[in-house]
Structures are given as C-alpha cells and as structure tokens.
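Undergrad: Counting from 1, position 76 in the sequence shown corresponds to residue 1337 in our numbering; the numbering is continuous, with no gaps.
Note that the Cβ used here is the ideal one computed from N, Cα and C, for glycine as well.
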Amino acid sequence: MRILLVEDEPKLARSIARALEEEGYAVDVEKDGLAADRRLSVHHGDYDLVILDLLLPGKDGIALCRDARERGIVTPVLMLTARDAVEDRVLGLDCGADDYLVKPFAFVELLSRIRALGRRPRAAHAPVLRVGSLALDPATQEARCDGHTLPLTLKEFRLLEYFMGRPHEVVSRQDLFDHLWDFAANQLSRVVDVHVNNLRAKLIKHCDDVSIETIRGIGYRLRF
Ligand code: CA
C-alpha cells in the first residue's frame, strides 16, 4: 500500500512517515498544497490513500480534496485537522474526504483509520483473500497456508497481498514498484526482484499449491 502524505509541519511529517514505513507502507511526503495537487493529478493511480492536512501553504486541504474529486480522482482521503470544530469536520467530509482525524492524535489511531480505509473497497465480500490453500487477512496482517503462518516481512506481506488481489494476472515490475515503493527508492536497484525472490522462496517452503512464476522481461504471475 502506497500513501501520499501532505503535511507542512516537517517534524510531524517525518514522524508520521516513519511510523507508516515501520508498518511496511510506502510513503511519499509533500509539504505544499500546490505541489501535492500536481502530484495527485499525475500520479493518483499510484496511491492507495492520501493523508491530507487541512491547513497547507499554496492550497488548503479542503480545496485540494474537492478539486481532486471534481477531476474524478477517487483515491481515499484521510483529512488531518488541528481544530476540533464541528464545521471543519463537516467541511472536510463535504469536500469528499473519507475520514478525518483531529490533531494531536495517537499513531495507533492513525494506523487503525488507515487499515479501515484500506479495507473499505473489498469489505463487502471477502476481507480475507484466498488463493488455493493460501489465506491472507489484511486485518491481522497474517498469511496462512494449511493452518501454518508464513514468516513474512511486512514488505513481503504487502507484495503477497498485491499478488493475491490479481491471481493468474501478469504483474509487471513497474506495477509492483509503483504500488509498493516510494519515490525515494532507487528504481535501478533490483529491489523488486529481491523481495519477490524472498517471498517466492517462502511460498516454496510453506505452500505447495501457490507459486510465483517469472514472466521473462515483464514481471511475475501468481499461480495455483
Ligand atoms: Ca498544516
């Protein structure tokens, strides 16, 4: 899951980004509303969530969110507001934000809101993803095969989650990189291949009927 964090207070932005990265999310940070607006118009497809501060230089969070929705951008938005005023919250939700959080907040609260927003699109049918004898639960962040928990790192978990949402589909390295790594990661490094190879080795060891196939020159495919 890749997150765009728009927050102009450097200290807060750093600590939120660090907390999210520790949870295995890829995070890009923008400190200015106009810059965030530009990035969102071009790259919104890369993001699974936007965490948006209300008061920003350049363009405020309300205008940013409203304009994004008017352009048809449906990426979930979690609004941060420093003021616990009812009208701010209503305004935040009216502009098309999916949820809001009042500063100061505890990181556990932020993380639980993010999980809830991440779950929302598929909550109606199957919160647990199943492919063959492999089951992945986004809520508990556990992947199990025949009752055994796979010893995955968070990045491997996110990779597997991405693959399991697209069984039998060819997924390109670029797709994986765009969804699971942030702009700061070095694209030339073989970072995607290294993590996929580690995940593949764990599947071979722990799961008989699900495997990751390499599609030469393109990427990978989850098979079962
Ligand atoms: Ca601010």
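Spatial neighbours of residue 1264 within its chain, please: C-beta separation below 8 Å, excluding the five flanking residues on both sides.
TA: By 1-based counting over the sequence shown, the position of residue 1264 is 3. Same-chain partners within the cutoff: 1281, 1286, 1287, 1288, 1289, 1308, 1309, 1310, 1311, 1312 and 1375.
Undergrad: Using 9 Å as the limit for Cβ to Cβ distance, is residue 1431 near chain C?
TA: The chain inventory of the structure shown lacks chain C, comprising one protein chain alone.
Undergrad: Are the stretch 1455-1463 and the stretch 1404-1413 touching by the rule of at least three beta carbon pairs closer than 8 Å?
TA: yes
Undergrad: Answer yes or no: do residue 1443 and residue 1480 have a C-beta to C-beta separation smaller than 9 Å?
TA: Taking the sequence shown and counting its residues from 1, one reaches residue 1443 at position 182. Taking the sequence shown and counting its residues from 1, one reaches residue 1480 at position 219. Not closer than 9 Å, so no.
Undergrad: Can you grab the Cα-Cα spacing for the pair residue 1428 / residue 1470, in whole Å?
TA: Position 167 of the sequence shown, counted from the start, is the residue given in the question as residue 1428. Position 209 of the sequence shown, counted from the start, is the residue given in the question as residue 1470. If I take the Cα positions, the gap works out to 13 Å.
Undergrad: Heavy atom of ligand 1 less than 8 Å from the Cβ of residue 1293, yes or no?
TA: As a working note, residue 1293 is residue 32 in the sequence shown. Incorrect: residue 1293 has no Cβ contact closer than 8 Å to ligand 1.
Undergrad: Distance, Cα to Cα, residue 1359 vs residue 1373?
TA: In the sequence shown, counting from the first residue as 1, residue 1359 sits at position 98. In the sequence shown, counting from the first residue as 1, residue 1373 sits at position 112. Residue 1359 and residue 1373: Cα-Cα distance of roughly 14 Å.
Undergrad: Per the DSSP calculation, residue 1475 is bridged to which residue(s)?
TA: As a position in the sequence shown, residue 1475 is number 214, starting the count at 1. Answer is 1481.
Undergrad: Helix, strand or coil for residue 1356, going by three-state DSSP, please let me know.
TA: In the sequence shown, the residue the question calls residue 1356 occupies position 95. In this structure, residue 1356 counts as coil in the three-state DSSP scheme.
Undergrad: DSSP on residue 1277, reduced to helix/strand/coil?
TA: Residue mapping note: residue 1277 aligns to position 16 of the sequence shown, counting from 1. Here residue 1277 sits in helix by DSSP.
Undergrad: Is the beta carbon of residue 1431 closer than 9 Å to that of residue 1423?
TA: To locate residue 1423, count along the sequence shown from 1; it is residue 162. To locate residue 1431, count along the sequence shown from 1; it is residue 170. Cβ atoms of residue 1423 and residue 1431: not closer than 9 Å.
Undergrad: Between the alpha carbons of residue 1323 and residue 1315, how many angstroms are there, rounded?
TA: Residue mapping note: residue 1323 aligns to position 62 of the sequence shown, counting from 1. Residue mapping note: residue 1315 aligns to position 54 of the sequence shown, counting from 1. So the alpha carbons of these two residues sit roughly 6 Å apart.
Undergrad: Taking the straight line between their C-alpha atoms, what separation do you get for residue 1402 and residue 1388?
TA: As a first step, residue 1402 is located in the sequence shown; it is residue number 141 there, counting from the start. As a first step, residue 1388 is located in the sequence shown; it is residue number 127 there, counting from the start. Spanning the two alpha carbons is a distance of roughly 11 Å.
Undergrad: At what residues does the beta strand (DSSP E) containing residue 1265 begin and finish?
TA: Within the sequence shown, residue 1265 is the residue found at index 4, counting from 1. Run containing residue 1265: 1263-1267, per the beta strand (DSSP E) assignment.
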